[in-house]
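With the working numbering, letter number 29 in the sequence shown gets 31, and the count goes up by one each step, no holes. Quick reminder that beta carbons are idealized off the backbone N, C-alpha and C, glycines included. What follows is a single structure, written as structure tokens, with notes after it.
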Amino acid sequence: MPQLAAAHYDQLRSYLRASGMAVGLLVNFGRERSDFRRIDWPPAKPTRKPRG
């Protein structure tokens with residue numbers, strides 16, 4: 003498989019929600035060079051800069 007598709011990300015997010023786990027890895031061995039992505043669930047909220 004040349005690249006990871008949106009459906010792969012969606013499937014991993016579903017597994018993370020169902021399992022209660024916070025981190026998952028998508029790994030693609032179908033390329034010349036292996037590729038991986040770390041997925042956090044729930045997605046991290048952006049941090050704000052303190053006012054001052």
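Cα separation between Ser-66 and Leu-6? Look at the range of the chain in this structure, 3 to 54, and you will see that residue 66 is not part of it.
Start-to-end residues for the alpha helix (DSSP H) that takes in Arg-19: Here the alpha helix (DSSP H) through Arg-19 covers 8-21.
Can you give me the start and stop residues for the beta strand (DSSP E) that Arg-40 sits inside? 37-42 is the extent of the beta strand (DSSP E) around Arg-40.
Enclosing beta strand (DSSP E) for Gly-32 [first to last residue]: In the DSSP assignment, Gly-32 falls outside any beta strand (DSSP E), carrying neither H nor E.
Leu-27 versus Leu-14: straight-line alpha-carbon distance, rounded: If I take the Cα positions, the gap works out to 8 Å.
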